[in-house]
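Written below as structure tokens is the structure these notes are about.
Number of protein chains: 2
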Amino acid sequence: MKIIIVGGVAGGATAAARIRRNDETAEILMIERGQYISFANCGLPYHISGMIEEREQLLVTSEPAFTERYRVDVRSHTEAIAIDRKNKVVRLRNVTSGDEYDESYDKLLLSPGAEPVRPKLPGIDSPRVFGLRNIADMDRIMTHLAQHNPRRAVVIGGGFIGIEVAENLHEKAVFTTIVEGCDQILTPLDYEMAAIVHSHMRDKNIELYLEDKVEQFEDKDSHTVVYLSSGRRLQADLVVLAIGVRPETTLARAAGIDLGSTGGIRVNSHLQTSDPDIYAVGDAIEVTQTISGQQVLIPLAGPANRQGRMAADNMVFGNSKTYRGTQGTSILKAFDLAAATTGLNEKQLVAADIPFLSCITHSGSHASYYPGAKQISLKLLFTDKGEILGAQAVGADGADKRIDVIATAIHGKLNVEDLTELELAYAPPYGSAKDPVNIAGYVATNVLNKSHELIEWKELRAALETKESDMQLIDVRTAEEFGFGSIPTARNIDVNQLREHLDELDVNKPVVLFCQIGLRGYLAYRILTQHGFTQVRNLSGGYKSYAWAVD
Amino acid sequence: MKIIIVGGVAGGATAAARIRRNDETAEILMIERGQYISFANCGLPYHISGMIEEREQLLVTSEPAFTERYRVDVRSHTEAIAIDRKNKVVRLRNVTSGDEYDESYDKLLLSPGAEPVRPKLPGIDSPRVFGLRNIADMDRIMTHLAQHNPRRAVVIGGGFIGIEVAENLHEKAVFTTIVEGCDQILTPLDYEMAAIVHSHMRDKNIELYLEDKVEQFEDKDSHTVVYLSSGRRLQADLVVLAIGVRPETTLARAAGIDLGSTGGIRVNSHLQTSDPDIYAVGDAIEVTQTISGQQVLIPLAGPANRQGRMAADNMVFGNSKTYRGTQGTSILKAFDLAAATTGLNEKQLVAADIPFLSCITHSGSHASYYPGAKQISLKLLFTDKGEILGAQAVGADGADKRIDVIATAIHGKLNVEDLTELELAYAPPYGSAKDPVNIAGYVATNVLNKSHELIEWKELRAALETKESDMQLIDVRTAEEFGFGSIPTARNIDVNQLREHLDELDVNKPVVLFCQIGLRGYLAYRILTQHGFTQVRNLSGGYKSYAWAVD
Ligand SMILES: Cc1cc2nc3c(=O)[nH]c(=O)nc-3n(C[C@H](O)[C@H](O)[C@H](O)COP(=O)(O)OP(=O)(O)OC[C@H]3O[C@@H](n4cnc5c(N)ncnc54)[C@H](O)[C@@H]3O)c2cc1C
Ligand SMILES: Cc1cc2nc3c(=O)[nH]c(=O)nc-3n(C[C@H](O)[C@H](O)[C@H](O)COP(=O)(O)OP(=O)(O)OC[C@H]3O[C@@H](n4cnc5c(N)ncnc54)[C@H](O)[C@@H]3O)c2cc1C
Ligand SMILES: CC(C)(COP(=O)(O)OP(=O)(O)OC[C@H]1O[C@@H](n2cnc3c(N)ncnc32)[C@H](O)[C@@H]1OP(=O)(O)O)[C@@H](O)C(=O)NCCC(=O)NCCS
Ligand SMILES: CC(C)(COP(=O)(O)OP(=O)(O)OC[C@H]1O[C@@H](n2cnc3c(N)ncnc32)[C@H](O)[C@@H]1OP(=O)(O)O)[C@@H](O)C(=O)NCCC(=O)NCCS
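Sequence order for the protein chains is A and B. Here the first sequence is numbered in our numbering, starting from 1 and rising by one per residue. Here the second sequence is numbered in our numbering, starting from 1 and rising by one per residue.
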């Protein structure tokens, strides 16, 4: 059996290794356009700052080492330029010499990845404008940093890579601005969760221009001017484009392989393309989102690796393995915070027409009395039957753990009540007897069985803006906390005294309660609703979420 | 409705708060023998060293604060001494004044916790011998430390509390010895996993005397002599007894409430005792282990809290909630390591007569190229159908996360193949594209489908001891690694050259392969079994686990 693999990094190299483990006799050719196979794409931003010190650390394995161990015929500096599907032949071009030649295959695997989006803006070919996808891109940025010692950088795009690049440029003492077309960075998060990251990035002195777009670049002698649609002009000594990626489908398209509506290569559940002898994996394919059932692009390393292994099995043993789709779990480090998500967020749920409920809680990463506990903000999205649709966590410690737990719960089709029952490892340095995930489960089940009703910050803000409502807005924190700032028009009644002040509230008018994080508002909710109040709601995520989202 | 709760800490206080949230009108009495309600039992060891600086931090809430918020009639310094079940009356004694009086109840909740085991050894009443269960115990130890400035401590018992106490005494510059009757500390772990902690504790200069027992204490003027059954005598300025706890059932037993065979209070799935008006939760009850179905004692804070909340609901609303049992997830910090477990370990599986398979892997806590990655050793136990029975993780970072993920997987009845598919949050600071949990899943599924056969360290050691076997033991690491030390009688053939050296091995004799962690041994396994070798096994956990367990 002769197998050709196009692309020698996450999906491709994993498949090559697994094919060899599956079959000592297979002839395996791995074709890579670039200089390196198996490099750590995800580590690239961190070498810019020197956080990852040695460039070599990014080379997870080398061509000779891989060849020696796996006896794979690695062809780097080689591009696959055409597929003759009828004759099962791939046309290859040595990108150094320009030589072209053919190789036949029994099975072909495409793992060509994605290409950075690069809009045709005036001036985009400036030598000060960079992208970041591979080692060569990174080398170019490093060289520019070394030669020009830039003072001001503009990063276009506030997605994962944009934020990582901004952080690492900032660590190199480059004053960095992020320009983002949406009203928030980090679109996998909902607005009020991203707002936590906005605030943190600004604290770190990263400038954010949201709802703004680049229109043009203009090179001056000493710098480049970045023109934004708002009319702003930014001076930059370095510009990094990070406005997303699109599937690399040139080869597949030219060969007449079906693409899906997202633009990614279409595969069946065995990761087989429309040509049964050609499999495809990784950033280049579209996948089924496990919750919505929709076809989507989820260009992440975990899925690419998993798909590579599975395609290897299906190519060698026949279609024995089924890919069940991608859930979309991801995480980003933004300075001291981690922002992690799994499943679907509000925007995606709305787009997929899936009705949902949500709750936001803020808990300590571990027992508050043990030093070093950090706040985790956790948003949970679920159906009115309790099925978990998604979760988002932002925090300086332990956000990754909580999202991994909920990602596992989603995989296992657990519901929010199960979250209350999860037995997670507890000792004071690691968690709480009631873990943040249990707490989120409590709040969600209370919402479901209507022993707790929430109002979201958006709805409260809208109600406050109309000013016409007869809503009674009550801050149930202490007088001292109230004194430090509250939501305009709120009255203060400490939850601990609420029972003595019931007669000051109109039982026939709506009441909105809030405290700092939601817990005391909930207690107040329980008191009021058991004293004849019927229109009571508690602010989801409390003053904390409100202040982040609205300020 | 009048509810009396006996015990005002984890289970009791949680139930009291939840009952109030459920029912504003209930009359709630919370009876606590000690001075404090709602204290952080789990934090006690950490105040000894000053890691938790302020004693007050251990008081999670105070009697006045709790009363004000929840309008619970808290009676501290009060012991429940008898239950008249016929008349539904509890006899209470004020432990300060000695006054006794009765209180009637509609429903009664017992959350009296556990009492430390204190064997009747000669000399055990020495003023230098302490236990640690509550604030008063801790205060006594702190006073002794302040007044006598001890130099040498002996901790009896190598369980969670013993190890935590030893660490914290060591942090106070007290030279500390742990005496443990078993051949290992931390019995929730299997031997080779505990061996990692042994080695770490010894590195930290904690002395471990395993398979040894205390027989007697003898007070001298300046110190106490601890006599061990091995004949050893240890000098101690301070002794802490931590040989486990037993359910506190004095009250229940006297009232004729059924106990189970474990000695804990027997409850049904609604947490109701043999008396339907009396519920019981926490360390005092026996629970169903979710995997074995057996009745066991699992004295941990998470279950106590959850049970307290559930009993509150059942007492107020009728038996609406069902407790599904306890899985037994736990974690311990031992200096720089975390040791975490979920489900059953080998000993428990053998005792429960459940056949099992296992694998041990060692992975980085996050991508190796990003600074700060620490090794996680992960043991997975599973049935021959792939059902997950338990897991153990030891490591300096991220062991808690992996056990929480597997605990969730067990709750969701996921199998080892699901572990390969879990989509966990990956960016270089937090994980790997193939997370340690995915890797454990890969190895386990390979074992299941017999594309990988393992040998355990115990079996290899036994085979080496008999010396009669015709086993070919091959170290497939590099010559350099081999040079630093290997398993006696092993030959070195680097996996990368194995294909060229096949003729040096006898295809008809058994081969045992090993490398450092198991990965290269597996690659070698794949090569040999595809070249006609039929009796090949790879050492589970590699040389690393072997060396820890055997040395
Ligand atoms: C800066 C950066 C940071 C990232 N951080 C994260 C992260 O933290 N977490 C995460 O999950 N993901 C991250 N990713 C995404 C992750 O790297 C990708 O999802 C993953 O590498 C996709 O694997 P793949 O095999 O599909 O493509 P790639 O790994 O990109 O490999 C594709 C290879 O195919 C080669 N190729 C393409 N066409 C041809 C052709 N015609 N002939 C020959 N060779 C060809 C390309 O040169 C390329 O090397 C990051 C990506 C980047 C760029
Ligand atoms: C030092 C230490 C460290 C620990 N570390 C951890 C850890 O890291 N993780 C973990 O999960 N668990 C840990 N635990 C265990 C955890 O604290 C218990 O599982 C949990 O507190 C049990 O809750 P409970 O309500 O059953 O009992 P407790 O919390 O012990 O409360 C029982 C209370 O009842 C009172 N009482 C008993 N009988 C009577 C009576 N007749 N009348 C009046 N009052 C009575 C007692 O005075 C006691 O205060 C630790 C325990 C200790 C002592
Ligand atoms: C202090 C103590 C009485 C608190 O008990 P509790 O009120 O049940 O627990 P919490 O403070 O975590 O609050 C949980 C409740 O608040 C709600 N809640 C928490 N965060 C919320 C938020 N952001 N928004 C709305 N509700 C929230 C939860 O739904 C839950 O209420 P429910 O049970 O009615 O659903 C109890 O935990 C205790 O005594 N602890 C110390 C003893 C101990 O546990 N020792 C062992 C470990 S060291
Ligand atoms: C380097 C690379 C080729 C390795 O691929 P790989 O061999 O599939 O992956 P690993 O090295 O993690 O090894 C996993 C294999 O070893 C086995 N294994 C791992 N630890 C083991 C142990 N302790 N004992 C036995 N087997 C073990 C697993 O079962 C698995 O084998 P299988 O797939 O046949 O079941 C590939 O991951 C790569 O190119 N990575 C860099 C690119 C990349 O991923 N970029 C994106 C992220 S930055």
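In this text, a Cβ means the ideal position worked out from N, Cα and C, and glycines have one as well.
6 Å Cβ shell around residue i - same chain, five flanking residues per side excluded
i: Met193/A; result: Lys379, Gln392 and Val394
i: Asp219/B; result: Ser126
i: Ala311/A; result: Ala15, Leu109, Leu271, Tyr279 and Val281
i: Glu133/B; result: First, the amino acid is wrong: residue 133/B is Arg here, not Glu. Answer for Arg133/B: Pro116, listed in chain order.
i: Thr326/A; result: Val287, Ile298 and Pro303
i: Val89/B; result: Asp102 and Ser104
Supposed contact pair residue j and residue i - C-beta distance, whole angstroms, cut 8 Å
i: Leu186/A; j: Tyr209/A; result: At roughly 15 Å, the Cβ-Cβ gap does not stay under 8 Å, so Leu186/A and Tyr209/A are not in contact.
i: Ile28/B; j: Ile19/B; result: 6 Å
i: Leu414/B; j: Asn438/B; result: The pair is not a contact, with the Cβ atoms about 13 Å apart (cut-off 8 Å).
i: Val495/A; j: Arg69/B; result: 7 Å
i: Ala236/B; j: Arg152/B; result: 5 Å
i: Leu234/A; j: Thr177/A; result: 6 Å
i: His77/B; j: Val60/B; result: Actually they are not in contact, since the Cβ atoms of His77/B and Val60/B sit about 19 Å apart, beyond 8 Å.
i: Ser377/A; j: Ile196/A; result: 6 Å
Cβ of residue i within 9 Å of any chain B Cβ
i: Pro299/A; result: no
i: Val316/A; result: no
i: Cys42/A; result: yes
i: Glu171/A; result: no
i: His200/A; result: no
i: Gln294/A; result: no
i: Lys333/A; result: yes
i: Glu100/A; result: no
i: Gly159/A; result: no
i: Tyr442/A; result: yes
i: Ala13/A; result: no
Proximal residues to residue i (C-beta, below 7 Å), its chain only, five neighbours per side dropped
i: Val117/B; result: Ile243, Gly244, Val245 and Arg246
i: Val536/A; result: Glu453, Val511, Leu513, Tyr525, Leu528 and Thr529
i: Pro429/B; result: His366 and Tyr370
i: Val154/B; result: Thr177, Val179, Val226, Leu234, Ala236 and Val239
Beta-carbon neighbours of residue i, restricted to chain B and to distances below 7 Å
i: Asn168/A; result: Per Cβ cutoff of 7 Å: no residues; Asn168/A is ~12 Å from chain B at best.
9 Å Cβ cutoff, residue i in contact with chain A
i: Ser330/B; result: yes
i: Gln272/B; result: no
i: Asp435/B; result: yes
i: Asp511/B; result: Correcting the residue identity first, residue 511/B is Val in this sequence and not Asp. Chain A contact via Cβ: absent.
i: Ala340/B; result: yes
i: Ala194/B; result: no
Chain-ordered chain A contacts of residue i [CB-CB under 8 Å]
i: Glu421/B; result: Arg306, Arg324 and His411
i: Pro303/B; result: Glu423
i: Leu109/B; result: Simply none; closest approach about 17 Å.
i: Ala10/B; result: Ala433
i: Thr288/B; result: None at all; the shortest Cβ gap to chain A is about 13 Å.
Contacts that residue i makes with chain A (C-beta to C-beta distance below 7 Å)
i: Ile527/B; result: Glu24
i: Arg563/B; result: Residue 563/B lies beyond the stretch modelled for chain B, which goes from 1 to 551, so this question has no answer here.
Chain-ordered chain B contacts of residue i [CB-CB under 9 Å]
i: Ile52/A; result: Tyr369, Tyr370, Pro371 and Pro428
- Query: Which residues, in chain order, does the region 482–508 of chain B contribute to contact with chain A at a C-beta distance below 9 Å?
  - Reply: Val495, Asn496, Gln497 and Arg499
- Which residues, in chain order, does the region 125–155 of chain B contribute to contact with chain A at a C-beta distance below 7 Å? none
- Pull out every residue of the region 387–404 of chain A whose Cβ sits closer than 7 Å to any Cβ of chain B, in chain order. Of all residues in the region 387–404 of chain A, only Asp400, Lys401, Ile403 and Asp404 place a beta-carbon less than 7 Å from a beta-carbon of chain B.
- Task: Quick one: which residues of the region 530–545 of chain A get their C-beta closer than 8 Å to a C-beta of chain B? List them in chain order.
- Result: Gln530 and His531
- Message: So if I threshold CB-CB distances at 9 Å, which residues from the region 60–79 of chain A count as touching chain B?
- Response: Val60, Ala65, Glu68, Arg69, Tyr70 and Arg71
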